[in-house]
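**Student:** At position 53 of the first sequence the residue is numbered 58 (the numbering used here), and the sequence of numbers has no breaks. Sending over a structure as structure tokens; questions will come in a sec.
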Amino acid sequence: MLEEKDYFKEVYRVVREVPPGRVTTYGAIARYLSLRAGARMVGWAMTASHGHGIPAHRVVNSVGVLSGKHFFGGPTVMQQLLEDEGVRVKDDRVVDFKTRLWDPSVELGV
DNA sequence: GTTATGACCAGAG
DNA sequence: CCTCTGGCCATAA
């Protein structure tokens, strides 16, 4: 029946809430959902996010690096998607990462 | 059961 | 900037 695990759906729900032009991090999602599995499981969930309509390009690691760009079918696809939404990317890193960061535990309230 | 791996994180040097 | 270490823990073999 459901291939997806419950925490997968939780992660997807949060990622879907990330507005265009903003990014969030694996750690932030893990913190917000209190996933004991930690940030690694968020990354694992993203791997399975294909076909779920998840804007995975808005999820980067703690320093704003596009660590998952390799999974978008090309080395520039993820960057292209972000820049198309107004997020500047330089050397695989989000420019003005701190101001672009959308932390669910802050934006949605803890 | 054990081992290896990973779209991670934080700290130390 | 770089590498290394320790921690986290689900998944695969």
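Think of the CB as a built atom: it goes at the ideal place given N, C-alpha and C, for glycine as much as any other residue. For clarity, every value in this text was computed on a predicted model and none was experimentally measured.
How is R27 classed by DSSP in three states: helix, strand or coil?
**Tutor:** Residue state, collapsed to three classes: coil.
**Student:** Does DSSP classify L71 as helix, strand or coil?
**Tutor:** Three-state DSSP puts L71 in coil, outside helix and strand.
**Student:** By Cβ distance, which residues of its chain are closer than 8 angstroms to V94, with the 5 residues on each side in sequence left out?
**Tutor:** Same-chain partners within the cutoff: L71, Q84, L87, E88, V100.
**Student:** Rounded to whole angstroms, what is the Cα-Cα separation between A33 and V65?
**Tutor:** Cα to Cα, A33 sits roughly 10 angstroms from V65.
**Student:** Hey, how far is the Cα of Y17 from the Cα of R41?
**Tutor:** Near 17 angstroms, if we compare the C-alpha coordinates of R41 and Y17.
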